[in-house]
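Numbering (the working numbering), first residue to last: 36 to 485.
Below is one structure, written out as structure tokens; comments come after it.
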Amino acid sequence: MNRILTTKAGSNVNRLRIPWRPFSNDAAPVICPNAGNPEKGSEAEQYDIAIVGGGMVGLALACSLASKPLTKHLNVVIVDSNPALGAKHFIKKDDLPDPRVSTITPATISFLKAIAYIADIGAWRFVEQHRHAYFDKMQVWDYTGLSYAKYNARDADKEVLGCVVENKVLLSSLLSHVQVGADGGKSRVRELAGIRTTGWNYSQNAIICTVEHAVENHCAWQRFLPSGPLALLPIGDKFSNIVWTMTPKESSDFKSMTEDDFLKAVNHALDYGYGPHPTSSILGGSELFSWLKGGISSSANDCFEVPPKVVKLASERMAFPLSLRHANDYVSKRVALIGDAAHTVHPLAGQGVNLGFGDASSLSSVISEGIAVGTDVGEVRLLKKYEADRKPANIMMMAILDGFQKAYSVDFGPLNILRAAAFHGANHISPLKRSIISYASGELRLPLFT
Numbered sequence: 036m037n038r039i040l041t042t043k044a045g046s047n048v049n050r051l052r053i054p055w056r057p058f059s060n061d062a063a064p065v066i067c068p069n070a071g072n073p074e075k076g077s078e079a080e081q082y083d084i085a086i087v088g089g090g091m092v093g094l095a096l097a098c099s100l101a102s103k104p105l106t107k108h109l110n111v112v113i114v115d116s117n118p119a120l121g122a123k124h125f126i127k128k129d130d131l132p133d134p135r136v137s138t139i140t141p142a143t144i145s146f147l148k149a150i151a152y153i154a155d156i157g158a159w160r161f162v163e164q165h166r167h168a169y170f171d172k173m174q175v176w177d178y179t180g181l182s183y184a185k186y187n188a189r190d191a192d193k194e195v196l197g198c199v200v201e202n203k204v205l206l207s208s209l210l211s212h213v214q215v216g217a218d219g220g221k222s223r224v225r226e227l228a229g230i231r232t233t234g235w236n237y238s239q240n241a242i243i244c245t246v247e248h249a250v251e252n253h254c255a256w257q258r259f260l261p262s263g264p265l266a267l268l269p270i271g272d273k274f275s276n277i278v279w280t281m282t283p284k285e286s287s288d289f290k291s292m293t294e295d296d297f298l299k300a301v302n303h304a305l306d307y308g309y310g311p312h313p314t315s316s317i318l319g320g321s322e323l324f325s326w327l328k329g330g331i332s333s334s335a336n337d338c339f340e341v342p343p344k345v346v347k348l349a350s351e352r353m354a355f356p357l358s359l360r361h362a363n364d365y366v367s368k369r370v371a372l373i374g375d376a377a378h379t380v381h382p383l384a385g386q387g388v389n390l391g392f393g394d395a396s397s398l399s400s401v402i403s404e405g406i407a408v409g410t411d412v413g414e415v416r417l418l419k420k421y422e423a424d425r426k427p428a429n430i431m432m433m434a435i436l437d438g439f440q441k442a443y444s445v446d447f448g449p450l451n452i453l454r455a456a457a458f459h460g461a462n463h464i465s466p467l468k469r470s471i472i473s474y475a476s477g478e479l480r481l482p483l484f485t
């Protein structure tokens, strides 16, 4: 097993340093306060790879490198400002769910299953021992009531569409493989590398919180409202997570209102609020788009459903601003950007962390390939292979999410009909539905192409 340490700094990027020093593979996990700080020790520690940012994506990269035969010998350091990384985490099963969750796609699940740690137990095995919620269906609709789309895993011959997991559980599953130290310092690697970004703010905030139902929720729900989408995601044990996009003024009001008023607002927004329920055919029973069905019969499972009522607020309400940012370059000499350092996206489809895990998987594979042929793993020519692999896929997903955000920010009659037609097509054209599910699951690199 390779040696992985964490120290303090801050950012979500990884910096590659080639000089390294051998060590004992049998070393027990220890806290190393001088790790990576030459001023506090008699000798500066040398690392093959320094990962600046100890979030889920940075830790996943470290664990992925530790699990590959050609990279498990590398000396890796994780640099992060979060002191919690230096503490032992004990997750109690009876604790209330944390409002910070991630929707994990099947492709990411496969990646996490491949990451092995102590006793050869995969990181995903750890997740499955704690609260999580697989979901095999998803319903999407908007406030106009013109149409909706219903996705079921069986439509694409899959068992699940995804799994909702608390971020603290994901972090703990990956921290099980690292040796932890703590140290001072700050890092702005992307800025120091001179890599510029392109992007904009959405003038929207997202409110997140955990809510409780009277019955367990097994479906992912998303309704597009005039001010932004509202997502209701199952997390197990009759709990769901809410991600509600709205204006900054509205987010301030919704954070400060009483619990009863907030619950009423959520249930109103998920039911008849802002508009009627969709009917099974577009335009209230019109056959204008009936040709889209292509002879496919609809079952009761494809009918519109009303989400389960929210009966209790189970966490504090948090709000954070939304933006889109993309690094013009992912790499420079001995520097590679992954995760949020390379791209941030709108949360409407829960794809952000999955893009980051995809980066980690790709970069670890490129580093392994470089070692196999004796290449300096910090060379730009090698790192450009990672950029060439991930940049087009990330840009495509970002463009789609940004397009959805903009399309549903406009209330205009003809556009509403076009959106409804798109919903209807996605609901009744089987090849289209399969492609959408496969792309959202991370199995297709580009949408609508197999």
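Even for Gly, the Cβ is constructed at its ideal location relative to N, Cα and C.
query                                                                                                                               : result
Range covered by the beta strand (DSSP E) that runs through glycine 263                                                             : 263-271
Environment of proline 343 [buried if 16+ CB atoms lie within 10 Å]                                                                 : buried
Lysine 347 versus Gln386, Asp295, Ala423, residue with shortest Cα-Cα distance                                                      : Asp295
Continuous beta strand (DSSP E) stretch holding glycine 197: start and end                                                          : 197-201
Residue span of the alpha helix (DSSP H) that contains glutamate 404, given as start and end                                        : 387-407
C-beta contact flag for glycine 448 and threonine 140 at 8 Å                                                                        : no
Contact between the stretch 90-101 and the stretch 389-409 (3+ Cβ pairs under 8 Å)                                                  : yes
8 Å Cβ cutoff met for valine 204 and threonine 138                                                                                  : no
For glutamine 440, the first and last residue of its enclosing alpha helix (DSSP H)                                                 : 415-442
Residues that DSSP places opposite proline 356 in a beta bridge                                                                     : Asn240
DSSP beta-bridge partners of isoleucine 373                                                                                         : Bridge partners of isoleucine 373: none, in fact.
Straight-line gap, leucine 436 to serine 350 (C-alpha atoms, nearest Å)                                                             : 28 Å
Residue from Ala300, Val246, His361 with nearest C-alpha to leucine 131                                                             : Val246
Between the CA atoms of alanine 149 and alanine 241 - distance to the nearest angstrom                                              : 32 Å
In DSSP terms, what histidine 361 is bridged to                                                                                     : Thr233, His378
Methionine 281, enclosing beta strand (DSSP E) - first and last residue                                                             : 274-281
Buried or exposed (CB count within 10 angstroms, at least 16 for buried), asparagine 236                                            : exposed
First and last residue of the uninterrupted beta strand (DSSP E) at methionine 173                                                  : 172-177
Selection from Ser286, Val250, Asp288 that minimises the alpha carbon distance to lysine 273                                        : Val250
Short Cβ contact (8 Å threshold) for alanine 255 with methionine 353                                                                : no
Chain-order list of residues whose beta-carbon lies under 7 Å from that of leucine 209 (same chain, five-residue window excluded)   : Met91, Leu94, Ala95, Cys98, Ala158
Whole-angstrom distance between lysine 426 and asparagine 363, CA atom to CA atom                                                   : 9 Å
Element boundaries [alpha helix (DSSP H), containing asparagine 451]                                                                : 448-463
Spatially closest choice to proline 261 from Lys128, Phe289, Gly310, by CA coordinates                                              : Gly310
Whole-angstrom distance between isoleucine 144 and asparagine 276, CA atom to CA atom                                               : 20 Å
For threonine 143, the three-state DSSP class (helix, strand or coil)                                                               : helix
Beta-bridge pairing of glutamine 164 - partner residues as DSSP gives them                                                          : In DSSP, glutamine 164 forms no bridge with anything.
C-beta contact flag for alanine 191 and aspartate 171 at 8 Å                                                                        : no
Contact check, serine 397 vs threonine 379, beta carbons under 8 Å                                                                  : no
Chain-order list of residues whose beta-carbon lies under 6 Å from that of glutamate 422 (same chain, five-residue window excluded) : Tyr365, Val366
For valine 111, the nearest candidate out of Ala457, Ser399, Leu467 (CA to CA)                                                      : Ser399
Spatial distance of lysine 290 from alanine 304 (CA atoms)                                                                          : 16 Å
Alanine 407, buried or exposed, once every other Cβ within 10 Å from all chains shown has been counted against 16                   : exposed
8 Å Cβ cutoff met for glycine 263 and alanine 168                                                                                   : no
Beta bridge counterpart(s) of alanine 184 as assigned by DSSP                                                                       : Val175
Beta-carbon proximity of leucine 467 to serine 473, cut-off 8 Å                                                                     : no
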